Amino acid sequence: MAIQWMLRLIYLSIPIFIWSCGAGNNDKSISIAHTAPLLKDTLSYSYVDLKEVSPYFALHNDSIDTAFYAIRYPQFDVQKYNVMLKPYILIEGENTAQEAAENFIIAYNEFVEDEATRQLQFAWHRDIECTIAINTPLFFSLKNTLSEYTGGAHGNSYVFWTNFDVLKAEKIELPDILAENKHDELTQIAEKYFRKSESLLDTASLDSLYFFKEGKFQLNDNFGFTANHFILYYNEYEIKPYSEGTTEIRIPYEQIKDLLTIRGKQYLESINKN
1130 MAIQWMLRLI YLSIPIFIWS CGAGNNDKSI SIAHTAPLLK DTLSYSYVDL KEVSPYFALH
1190 NDSIDTAFYA IRYPQFDVQK YNVMLKPYIL IEGENTAQEA AENFIIAYNE FVEDEATRQL
1250 QFAWHRDIEC TIAINTPLFF SLKNTLSEYT GGAHGNSYVF WTNFDVLKAE KIELPDILAE
1310 NKHDELTQIA EKYFRKSESL LDTASLDSLY FFKEGKFQLN DNFGFTANHF ILYYNEYEIK
1370 PYSEGTTEIR IPYEQIKDLL TIRGKQYLES INKN
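Residue numbers (the numbering used here): 1130 to 1403.
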């Protein structure tokens, strides 16, 4: 081994699993009940938790670390919803969480074993937490929070919101809930809350600090629902430099209810009734 500062331990042939649940999955996990939903659930699901680590331990100063892949995701009792959610949980196209974990650890191990690798200060990691933010008889929202480090000056983190119609078993797009000719009005409302969250005056220019085209605030398609707010989320680099972080805009439903389609209003009513 060319890397003298790396400790090779006995390979952990059995992946480490934590808080595992959900019968019938391929992740060899243990079942526990999901007992703390944000709202009263209508679709029955449980959470599956999986963690796998590399056998290589990196030494950095006085600390020892190793690469890991960890994921938490919901598994529904009705299989069609699991099929529908999979590409929004395993965003790199893997077939199973186990496959995703193994691919990540194998890539790290091969990087360590490569003769060209002479220095590795920090171990890699990928940590994915997918949770059901809201669940009503008509729709539910999935929040996928991902943080990772695979080398370089810093890691990255992302939040992806996706919403699904329960009866149609399909993804909800913004035009599904926003009434025709209401896009500009929603943009104006969202900009007001954006400026509030960024501590900007109403007259402050967006040209120099943000990446909006022509300095004009724009909606994106990364949106979700909570018990009380419509969420718009902008990830790192999307509208401002990495050093400035992410942006979450929280708009009270009262502010947008008149802009919605019949379908959108039904979704809000299902939140209130739930």
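Beta carbons are placed, not taken as given, at the ideal position from N, Cα and C, and that holds for glycine. Note that the structure is predicted; figures quoted are calculated from it, not measured.
Exercise for the section: Apply the 10 Å Cβ neighbour rule to Glu1111 and answer buried if 16 or more other Cβ atoms are within range, or exposed otherwise. Expected result: Nothing can be reported for residue 1111: it is not among the residues displayed for the chain, which extend from 1130 to 1403.
Problem - Where His1312 falls: helix, strand or coil (DSSP) - result: Start at 1 with the first residue of the sequence shown, and residue 1312 comes out as number 183. Three-state result, His1312: helix.
Exercise for the section: Indicate whether Leu1361 and Ala1319 have their beta-carbon atoms separated by less than 7 angstroms. Expected result: For the purposes of this step, residue 1361 is taken as the residue at position 232 of the sequence shown. For the purposes of this step, residue 1319 is taken as the residue at position 190 of the sequence shown. Ala1319 is positioned such that its CB atom lies closer than 7 angstroms to that of Leu1361.
Exercise for the section: Consult DSSP for Ser1334 and reduce its assignment to one of helix, strand or coil. Expected result: The residue you call residue 1334 lines up with position 205 of the sequence shown. Coil.
Problem - Cβ pair Phe1289, Lys1300 closer than 7 angstroms - result: For the purposes of this step, residue 1289 is taken as the residue at position 160 of the sequence shown. For the purposes of this step, residue 1300 is taken as the residue at position 171 of the sequence shown. Against a cut-off of 7 angstroms, the Cβ pair of Lys1300 and Phe1289 comes out as no contact.
Exercise for the section: Determine the DSSP secondary structure at Tyr1185, reduced to helix, strand or coil. Expected result: As a position in the sequence shown, residue 1185 is number 56, starting the count at 1. Strand.
Practice task
Could you tell me which of Ala1236, Leu1397, Asn1211 and Asn1238 sits nearest to Thr1225, measuring between CA atoms?
Solution key: Taking the first residue of the sequence shown as 1, we reach residue 1225 at position 96. Out of Ala1236, Leu1397, Asn1211 and Asn1238, Asn1211 has the C-alpha closest to the C-alpha of Thr1225.
Handout entry: Rounded C-alpha distance that separates Leu1315 from Leu1388
Key = Start at 1 with the first residue of the sequence shown, and residue 1315 comes out as number 186. Start at 1 with the first residue of the sequence shown, and residue 1388 comes out as number 259. So the alpha carbons of these two residues sit roughly 7 angstroms apart.
Handout entry: When Leu1330, Ser1326, Phe1323 and Glu1398 are compared against Ala1356, the one with the closest alpha-carbon
Key = Position 227 of the sequence shown, counted from the first residue, corresponds to residue 1356. Answer by Cα proximity: Glu1398.
Handout entry: Coil, strand or helix - Ala1282 by DSSP
Key = Here residue 1282 is taken as the residue at index 153 of the sequence shown, counted from 1. Here Ala1282 sits in coil by DSSP.
Problem - Inter-residue Cα distance where the pair is Ala1152 and Tyr1174 - result: By one-based count along the sequence shown, residue 1152 stands at place 23. By one-based count along the sequence shown, residue 1174 stands at place 45. The predicted model places Ala1152 with a pLDDT of 37, which falls under 50 and marks its position as unreliable, so this point remains unresolved.
Practice task
Note down, in chain order, each residue of its chain lying with its Cβ closer than 8 angstroms to the Cβ of Gly1374, except the 5 sequence neighbours on either side.
Solution key: Taking the first residue of the sequence shown as 1, we reach residue 1374 at position 245. So the qualifying residues of the chain are Glu1365.
Exercise for the section: Kindly indicate the opening and closing residues of the beta strand (DSSP E) around Phe1197. Expected result: On the sequence shown, position 68 is the one that residue 1197 refers to. From DSSP, the beta strand (DSSP E) with Phe1197 extends over Ser1192 to Phe1205.
Practice task
Report the rounded CA-to-CA distance for Tyr1287 versus Tyr1198, giving the unit in angstroms.
Solution key: Here residue 1287 refers to the residue found at position 158 of the sequence shown. Here residue 1198 refers to the residue found at position 69 of the sequence shown. Roughly 16 angstroms separates the two Cα atoms.
Handout entry: Bridge partner(s) assigned by DSSP for Ile1263
Key = Your numbering for residue 1263 matches position 134 in the sequence shown. The partner list for Ile1263 (beta bridge, DSSP) reads Ser1270.
Handout entry: Collapsed DSSP secondary structure at Ser1276 in the structure displayed
Key = Your numbering for residue 1276 matches position 147 in the sequence shown. Ser1276 falls in the strand class under three-state DSSP.
Problem - Residues that DSSP places opposite Thr1291 in a beta bridge - result: Counting from 1 along the sequence shown, the entry for residue 1291 is found at position 162. According to DSSP, which records beta bridges pairwise, Thr1291 is partnered with Leu1271.
Exercise for the section: Could you tell me whether the Cβ of Leu1315 comes closer than 7 angstroms to any Cβ of chain C? Expected result: Absent from the structure: chain C. Only one protein chain is present.
Problem - Closest residue to Thr1171 among Lys1369, Val1207 and Lys1345 (Cα-Cα distance) - result: The residue given as residue 1171 occupies position 42 in the sequence shown. The candidate whose alpha carbon is nearest that of Thr1171 is Val1207.
Handout entry: Unbroken alpha helix (DSSP H) run spanning Ile1234, endpoints
Key = As a position in the sequence shown, residue 1234 is number 105, starting the count at 1. First-last of the alpha helix (DSSP H) with Ile1234: Ala1226 to Glu1242.
Exercise for the section: Count the C-beta pairs between the region 1302-1310 and the region 1329-1340 that are closer than 8 angstroms, then say yes if the count reaches three, no if not. Expected result: no
Practice task
Could you check the C-alpha separation between Lys1215 and Gln1204 for me, to the nearest Å?
Solution key: Sequence index remark: in the sequence shown, residue 1215 carries index 86 (1-based). Sequence index remark: in the sequence shown, residue 1204 carries index 75 (1-based). Taking the Cα positions, Lys1215 is about 10 angstroms away from Gln1204.
Problem - For Arg1255: DSSP bridge partner residues - result: Reading the sequence shown from its first residue, position 126 is the one you call residue 1255. Looking at the DSSP assignment, Arg1255 forms a beta bridge with Tyr1198 and Glu1277.
Exercise for the section: Identify every run of the alpha helix (DSSP H) within the region 1354-1398, keeping only runs that are complete inside it and at least 4 residues long; order them along the chain. Expected result: 1382-1385
Practice task
Can you give me the Cβ contacts of Glu1327 inside the same chain, cut-off strictly under 8 angstroms, excluding the 5 residues immediately before and after it?
Solution key: By 1-based counting over the sequence shown, the position of residue 1327 is 198. The residues are Thr1376.
Practice task
Put Phe1346 into one of helix, strand or coil per three-state DSSP.
Solution key: Locating residue 1346 in the sequence shown gives position 217, counting from the first residue. The answer is coil: DSSP assigns Phe1346 none of H, G, I, E or B.
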